[in-house]
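S.K.: Residue numbers (this note's numbering): 1186 to 1715.
Before we start, here is the structure in question, set down as structure tokens.
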Amino acid sequence: MRISFLPALLGVFALSGAAQTSDKCPQATGAVASHSNCRCFPGDPCWPSTQKWGELNATRQILESCDPFMPVDSPCQVGAYVRYAINVTEPADIIAGIEFAKKNNVRLVIRNTGHDFLGKSSGPGSLSLWTHHLKDIEYIPEYKSEAYHGPALKVGAGVQGIEAFTAADKNGVVVVGGVCPSVGIAGGYTQGGGHSILMGKYGLGADQTLEFEVVTGEGKHVNASKTENTDLYWALSGGGGSTYGVVTSMTVKAHKDAPMAVAEYSFRTSTDDASMDKFYDALDFLHQMAPGYFDRGGYSFNIYSKGSLPLGYFFGPEWTKEDTAAFFQPWVERLESLGLQYSLNITEHPSHLAAYNSMNNPETIGASQSGGRIIPKGTILNKRAQFNQVIKNIVEDGADMLEIVAHPTLEVAGNPDNAVLPAWRDSAIFLIVAIPFNDTVEWSQMLEDQKTITKWGGLLRELAPESGAYMNEADANEPNFKREFYGKNYARLLCVKNRYDPAGIFYALTAVGSDAWTQSPDGRLCKTNP
Ligand SMILES: Cc1cc2nc3c(=O)[nH]c(=O)nc-3n(C[C@H](O)[C@H](O)[C@H](O)COP(=O)(O)OP(=O)(O)OC[C@H]3O[C@@H](n4cnc5c(N)ncnc54)[C@H](O)[C@@H]3O)c2cc1C
Ligand SMILES: *[C@@H]1O[C@H](CO)[C@@H](O)[C@H](O)[C@H]1NC(C)=O
Ligand SMILES: *[C@@H]1O[C@H](CO)[C@@H](O)[C@H](O)[C@H]1NC(C)=O
Ligand SMILES: *[C@@H]1O[C@H](CO)[C@@H](O)[C@H](O)[C@H]1NC(C)=O
Ligand SMILES: *[C@@H]1O[C@H](CO)[C@@H](O)[C@H](O)[C@H]1NC(C)=O
Ligand SMILES: *[C@@H]1O[C@H](CO)[C@@H](O)[C@H](O)[C@H]1NC(C)=O
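Printed below as a string of structure tokens:
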């Protein structure tokens, strides 16, 4: 199918959908307090004076950036980092920051953990709203609304995965969060969709949301839920961070905790052709096993490159050690008949947190350039040979692969009306392709690597053109990001964006509405079509 349907559907989707409060799709005004088509940049006459920053600092705590990788005694360099940050402690800090940015035409950035792979939580010449210290956590044993009655957890915008898991664990419940303990939960993670060890059992992060407190682009602190500002609630549940407002808190469903089985495995071989055939055979067997655990809540991730899968993990909620061993037995037999070196270690844990903490956490931040695509179940099963061939081509080309193998269930969360990329609903494997950064190579090689990532993305797109890519772990240069990251939701999301942020104060690369702005090579952010 050729993909040119977005403009055609703009009108249709703008007006449809139960969550829409008004049937008019507003236009962005793009109004800023300046006649310039660009945000003011350090060094420009319009850049706020030291005195103005000082005035802001007198009422809100502001921090000035320096490159953290430079020696402490060297002169302060900023580069692509934000210029100043407000250390947010209350919603009023956010409102003041938005007002300051608008009044002075300064680029604004929302920053939580800074984990975003696409650099959406940074920006040259900007003021950031740093939400890290909004750490309140409240357990609500009996949350009651028309849509949901049960336990819930309310988390401040700065709460990180492990903090939420630990608070939930103390109350005998679990919440859906990322595989990395330091990823924020209410920021980019849930707002962008959020895949999880628990997704096969409870659904995606964005499927768990009950309400948000959020400061809109107009500087109003409001609630967004199934009954208040419903369109904003819809958009914040999967439609991307840094777009509609600054979330200050989020309330999500909590689920009863349960024991969990964990299998840690690895296999390797040498890299001659005959050995590699065996390697791909073992990998194919592993992939074909996956649909067998999807319906039983299972999840796994695999890290591999040519000739080696040094780390794979399976998590089986409410699976026993025996269940898991029986499930993996045919694979073990295959590995043995292929004569591959392997390891498999199955353990059982009394709770989600215990299982989570047993893991050797592998993923690092900012260690590689990466891209990826969601591979549907139908592709694995019905286009098996093509799928295997594409994997082989990319691996032989030198990629580091990371797969999230799970199918996000709709059984628990129901079929939530939210803005999650529809491709997630068919997902079997979310595949990430990466090339590690190498500090000793030339810049030109880095650019070559960037192109290679986009090329591999093209192979995956040809394999599963109907699918999409996960906005939080994607190639920043993904062609046609509107379709690939947001699917049919894009037009409707743009309406919500324009309604709650009419001045377009929130910008982040590949966010909804971001194509109205272009960052020039010097870092300056200017209107695309002045
Ligand atoms: C090591 C590692 C492991 C990961 N594992 C997983 C995983 O298991 N599952 C998964 O789905 N993803 C995973 N990710 C990706 C992760 O979801 C994204 O990096 C996500 O953007 C992080 O959100 P954050 O708020 O922590 O980070 P930030 O970089 O601070 O923010 C990310 C984006 O959200 C915006 N944002 C932040 N806070 C707010 C707010 N309060 N209101 C509005 N916008 C806000 C920012 O402006 C930015 O656009 C992982 C990332 C890393 C680095
Ligand atoms: C903000 O004020 C504090 C003291 O009140 C000062 O130490 C700090 O340097 C100021 N920061 C900036 C960026 O002006
Ligand atoms: C930011 O504010 C918090 C209080 O909310 C404080 O504990 C922390 O030290 C501040 N951070 C910096 C870098 O000043
Ligand atoms: C959201 O609603 C709750 C409950 O009605 C209320 O206590 C809270 O103040 C509201 N928050 C905002 C930002 O309006
Ligand atoms: C198996 O995993 C458990 C839990 O992570 C660990 O304590 C144990 O040492 C592992 N055993 C082997 C043989 O690797
Ligand atoms: C980095 O690149 C250099 C030069 O091309 C190479 O010798 C080295 O092995 C690379 N390092 C890593 C970790 O890939």
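Glycine included, every Cβ here is placed at the ideal spot set by N, Cα and C.
Would you tell me roughly how many angstroms separate the C-alpha atoms of Ala1286 and Asn1487, rounded to the nearest one?
M.R.: For Ala1286 and Asn1487, the distance between alpha carbons rounds to 43 Å.
S.K.: Okay, do the segment 1572-1586 and the segment 1508-1526 touch, 3+ Cβ pairs below 8 Å being the bar?
M.R.: No, the segment 1572-1586 is not in contact with the segment 1508-1526.
S.K.: For Pro1495, verify whether its CB is less than 8 Å away from any heavy atom of ligand 6.
M.R.: No; taking the cut-off as 8 Å, the Cβ of Pro1495 has no heavy atom of ligand 6 nearer than that.
S.K.: Does the distance from the C-beta atom of Thr1436 to that of Val1359 stay below 9 Å?
M.R.: Taking 9 Å as the Cβ cut-off, Thr1436 and Val1359 do not qualify as a contacting pair.
S.K.: Give every residue of the same chain whose Cβ lies closer than 7 Å to the Cβ of Ala1353, excluding the five residues on either side of it in the sequence, and list them in chain order.
M.R.: The answer, listed in chain order, is Leu1338, Val1359, Val1360, Ala1439.
S.K.: Near Pro1561, what residues of its chain come up, given a Cβ to Cβ distance below 8 Å and the 5 sequence neighbours on each side ignored?
M.R.: Same-chain partners within the cutoff: Ala1608, Asp1611, Ser1612, Ala1613, Ala1649, Glu1651, Ser1652.
S.K.: Decide if Ser1207 is buried, meaning its Cβ has at least 16 other Cβ atoms within 10 Å, or exposed.
M.R.: Unreliable positioning characterises Ser1207 in this predicted model, as indicated by a pLDDT of 49, which lies under 50. A coordinate reading is not provided.
S.K.: So, at 7 Å on beta carbons, what are the nonlocal neighbours of Thr1713 in its own chain, with the 5 sequence-adjacent residues on each side left out?
M.R.: Once the five neighbours on either side are set aside, the close Cβ partners of Thr1713 are Asp1700, Ala1701, Trp1702, Thr1703.
S.K.: Assuming Leu1421 contacts Gln1376 (C-beta within less than 8 Å), just tell me the rounded distance between them.
M.R.: Indeed they touch by this definition, with Cβ atoms about 6 Å apart.
S.K.: I'd like to confirm something about Glu1398: is its beta-carbon nearer than 8 Å to some heavy atom of ligand 4, or not?
M.R.: Correct: Glu1398 has its Cβ closer than 8 Å to ligand 4.
S.K.: Quick one: any contact between the segment 1265-1285 and the segment 1245-1253, if contact means 3 or more CB pairs under 8 Å?
M.R.: A contact exists between the segment 1265-1285 and the segment 1245-1253.
S.K.: Find the nearest neighbour of Glu1275 within the set Leu1525, Asn1289, His1317, Phe1254, judged by alpha-carbon distance.
M.R.: Nearest C-alpha to Glu1275: His1317.
S.K.: Assign Thr1713 to one of three DSSP states: helix, strand, or coil.
M.R.: Correct three-state label for Thr1713: coil.
S.K.: Looking at C-beta atoms only, is the number of pairs between the segment 1278-1293 and the segment 1231-1245 that lie closer than 8 Å three or more?
M.R.: Touching, yes.
S.K.: So, under 8 Å CB-CB, Ala1475 and Val1590 are touching, yes? Tell me the CB distance rounded to an integer number of Å.
M.R.: That belief holds up - the Cβ atoms of Ala1475 and Val1590 are roughly 5 Å apart, short of 8 Å.
S.K.: Taking Gly1599 as the reference, give the member of Tyr1387, Arg1296, Ala1446, Ala1281 with the closest Cα.
M.R.: For Gly1599, the nearest C-alpha among the options comes from Tyr1387.
S.K.: If we count the other Cβ atoms within 10 Å of its Cβ and call it buried at 16 or more, is Trp1628 buried or exposed?
M.R.: Exposed.
S.K.: What distance in whole Å lies between the Cβ atoms of Ile1370 and Gly1362, which are believed to be in contact at a cut-off of 8 Å?
M.R.: So it is a contact: roughly 5 Å between Cβ atoms.
S.K.: With Ile1559 and Ala1654 assumed to form a contact (beta carbons below 8 Å), what rounded beta-carbon distance in angstroms separates them?
M.R.: Going by Cβ atoms, the distance from Ile1559 to Ala1654 rounds to 7 Å, so yes, they are a contact pair.
S.K.: By the three-class DSSP mapping on this structure, what secondary structure does Ala1332 have?
M.R.: Three-state result, Ala1332: coil.
S.K.: Give me whichever residues DSSP pairs with Leu1417 in a beta bridge.
M.R.: According to DSSP, Leu1417 bridges with nothing at all.
S.K.: Identify the continuous alpha helix (DSSP H) that holds Ala1281 and give its terminal residues.
M.R.: Where Ala1281 is concerned, the enclosing alpha helix (DSSP H) stretches over 1276-1289.
S.K.: Is it true that the CB of Thr1637 sits closer than 9 Å to the CB of Glu1663?
M.R.: Contact: no.
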